[in-house]
Amino acid sequence: MSGGGSAGGDYYAVIFSSRLSGAGAGQATATAPDYEDWARRMALLAQEEAGFLGMESARDPVTGEGITVSYWRCLEDIARWRDHSVHAEARRLGRLHFYDSFRIRISKVFDDRRWARPEDPAAGS
Numbered sequence: 374m375s376g377g378g379s380a381g382g383d384y385y386a387v388i389f390s391s392r393l394s395g396a397g398a399g400q401a402t403a404t405a406p407d408y409e410d411w412a413r414r415m416a417l418l419a420q421e422e423a424g425f426l427g428m429e430s431a432r433d434p435v436t437g438e439g440i441t442v443s444y445w446r447c448l449e450d451i452a453r454w455r456d457h458s459v460h461a462e463a464r465r466l467g468r469l470h471f472y473d474s475f476r477i478r479i480s481k482v483f484d485d486r487r488w489a490r491p492e493d494p495a496a497g498s
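Following this line, the structure appears as structure tokens:
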């Protein structure tokens with residue numbers, strides 16, 4: 374998870390799956406705010422929130438299907454983020470302009486395991 378985190382588990386994940394509309398997928402009209410600007414703004418704003426642990430995101434540029442998983446210390450932190458006034462405006466714009474559909478799931482992370490391939494000492498030579 375980027376932005377730090379809590380190895381071992383016992384934190385929460387907000388899983389946001391979405392499909393961009395034509396306006397959200399880069400075919401913006403004069404009345405549609407820019408999706409990429411709002412997405413960046415929300416990522417930066419979330420990082421400032423108490424209890425934010427990190428975020429991972431991916432989107433298929435062809436289909437507009439995407440998923441963002443944000444990680445939070447507790448349900449109260451998630452509720453505070455949900456109710457943040459700027460985030461509320463982003464959600465309103467999302468329904469109006471950015472998304473054809475979306476789904477939000479909240480899960481408790483009970484275990485967090487990581488593995489990385491060891492660096493090859495010969496590769497640095």
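Quick note, the sequence shown lines up with residues 374 to 498 if you use this note's numbering. Where a beta carbon is used, it is the ideal one built from N, C-alpha and C, also for glycine.
Item, Value
"L393 burial status per 10 Å Cβ neighbour count (16 or more: buried)", "buried"
"Runs of alpha helix (DSSP H) wholly within the region 437 to 481 (minimum 4 residues, chain order)", "448 to 456 and 458 to 466"
"Proximity winner among I388, T436, P406 and D383, relative to R468 (alpha-carbon distances)", "P406"
"Per DSSP, the bridge partner or partners of S430", "T441"
"Cβ-Cβ distance between Y472 and S391 below 7 Å", "yes"
"Through-space distance from D484 to S458, alpha-carbon basis", "32 Å"
"According to DSSP, residues forming a beta bridge with S390", "I440 and R476"
"L417, buried or exposed, once every other Cβ within 10 Å from all chains shown has been counted against 16", "exposed"
"DSSP beta-bridge partners of F425", "W445"
"Own chain partners of I479 with C-beta closer than 8 Å, once the 5 adjacent residues on each side are dropped", "Y385, A386, V387, I388, L448 and I451"
"7 Å Cβ cutoff met for A463 and M415", "yes"
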